[in-house]
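All remarks here apply to the structure that follows.
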Amino acid sequence: DWTPNAFVQETVEDLQAKLGDDKVVLGLSGGVDSSVAAMLLHKAIGKNLYCIFVNNGLLRKNEFSDVLEQYKGMGLNVKGVDASAHFLDALAGLSDPEKKRKAIGNAFIEVFDQEAHLIEDVKWLAQGTIYPDVIESVSATGGPSATIKSHHNVGGLPDYMKLKIVEPLRALFKDEVRRVGTSMGMDKDLLGRHPFPGPGLAIRILGDITAEKVRILQEVDAVFINGLRDAGLYDKVWQAGAILLPVNSVGVMGDERTYEKCVALRAVESTDGMTADWVNLPYEFLQKTSNDIINKVKGVNRVVYDISSKPPATIEWE
Ligand code: XMP
């Protein structure tokens, strides 16, 4: 029978045998998979694991600094790299979802590659790939899912890096990854985090990206997510977030007519992201959240709730 304790023990031994005194580089995303992969490698090889956490400027509000501190607190050898400006430049003028994904993927490779080259004599690239990623990238060769949206979690590093790949979570499902993290004593909030797409808020800002739009969406998202936490709903939802629509609508404030942005809120239940149902959040919660967003976030005067399930609607709007 599979148990997380036995998995950790075996994997640590395997990693030690495989890696010896070699140096390993790993990109942390703030998500569950890369964090658990990092902890396993940390247990196995300690300081020879070099973690890089890139701020693409498209993370949630305060996420970069908060999560970086958390990583340091876990004893990880981690370097935070703030490349927000680089990503914003790369995205300038792009509205097509796939072009945005490509631009972000390429910018990530540039930044990561540059950082990895600073680690002398690094031999391995570690990745937090889990079993469903493996399946999806296999289907990428012909299956329909991959042609819908190009996820860039698997593969994608330039050939010239010539690093060997190590993927300690390759055989696991998400719930097993969480159990492995728990058995290593990792923080419950970190392990319970909702999935968040690699391209981040860029695919939740429909159309082109500007620093101001990122700021607005970060504020809206923070009100929504903190509200879910405060209401005890966060853990009941598989994934939640806000979408900034490329639409202005008319409103009134006092005697003034306003013409401002509209945001959509999305919360879904799912087990693997392949199918998903919209969550029947309590009306009182939606009412309070809508008021809070409109009162607190300048530039937004309308909130709508997405009541579409997948299929046919995808979880992300882009
Ligand atoms: P969709 O929108 O396809 O999303 O229903 C399914 C799951 O995948 C996430 N997602 C992405 N993750 N890069 C990622 O790393 C991407 O380009 C991407 N697009 C969607 C989405 O957040 C959901 O969890």
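Following UniProt numbering, the numbering of the sequence shown begins with 193 at its first residue and continues without gaps. For every residue, glycine included, the Cβ atom is placed at its ideal position computed from N, Cα and C. Nothing here was measured: the structure is a model prediction, and the numbers come from that model.
Check, Outcome
"Excluding the 5 residues preceding and the 5 following THR203 in the sequence, name in chain order all residues of the same chain whose CB lies nearer than 7 Å to its CB.", "LEU232, PRO360"
"Using a threshold of 8 Å, state whether the C-beta atoms of ALA229 and ALA318 are closer than that.", "yes"
"Spatial neighbours of ARG421 within its chain, please: C-beta separation below 8 Å, excluding the five flanking residues on both sides.", "none"
"Applying the 10 Å Cβ sphere with the 16-neighbour rule, what's the burial state of HIS234?", "buried"
"Could you check where the alpha helix (DSSP H) with PRO289 kicks off and where it finishes?", "289 to 309"
"Assuming PHE279 and ILE296 form a contact by the criterion Cβ under 8 Å, report the distance between their Cβ atoms to the nearest whole angstrom.", "6 Å"
"The beta strand (DSSP E) spanning LEU423 covers which residue range?", "Looking at the sequence itself, residue 423 is Ala, so the reference to Leu does not match. Premise fails: ALA423 is in no beta strand (DSSP E) and is neither H nor E."
"Looking at C-alpha atoms only, which residue of ALA209, PRO196, ARG385 is the closest neighbour of residue 161?", "This structure leaves residue 161 out entirely; the chain is present only between 193 and 510."
"Return the CA-CA distance between ILE401 and GLY320, expressed in angstroms with no decimal places.", "28 Å"
"Alpha carbon to alpha carbon, how far is ASP484 from TYR242?", "41 Å"
"Suppose you measure from the CA of GLU448 to the CA of VAL442; what does that come to, to the nearest Å?", "10 Å"
"Just the Cα atoms here: how many angstroms apart are LYS488 and ALA394?", "22 Å"
"Provide the residue span of the alpha helix (DSSP H) that contains ASN493, from first to last.", "Here ASN493 belongs to no alpha helix (DSSP H); instead the beta strand (DSSP E) covers 492 to 497."
"Relative to the alpha-carbon of MET466, which residue among PHE304, TYR426, ILE327 has its alpha-carbon at the smallest distance?", "ILE327"
"Starting from LEU437, follow the beta strand (DSSP E) in both directions and report where the run begins and ends.", "431 to 445"
"Closer than 7 Å: is that where the CB of ARG293 sits relative to any heavy atom of the ligand XMP?", "yes"
"Hey, would you say GLY249 sits closer than 8 Å to SER221, going by beta carbons?", "no"
"Check whether the Cβ of THR506 sits closer than 7 Å to any heavy atom of the ligand XMP, and report yes or no.", "yes"
"Do you know how far the Cα of ALA414 is from the Cα of LYS271?", "25 Å"
"Given 7 Å as the limit, tell me if GLY222 has its C-beta closer than that to any heavy atom belonging to the ligand XMP.", "no"
"Since PHE256 and ASN247 are thought to touch, with beta carbons under 8 Å apart, how far apart are those beta carbons, to the nearest angstrom?", "4 Å"
"Going along the chain, which residues of its own chain have a beta-carbon closer than 8 Å to the beta-carbon of LEU355, five neighbours each way excluded?", "VAL217, ALA308, VAL314, LYS315, TRP316, LEU317, LEU349"
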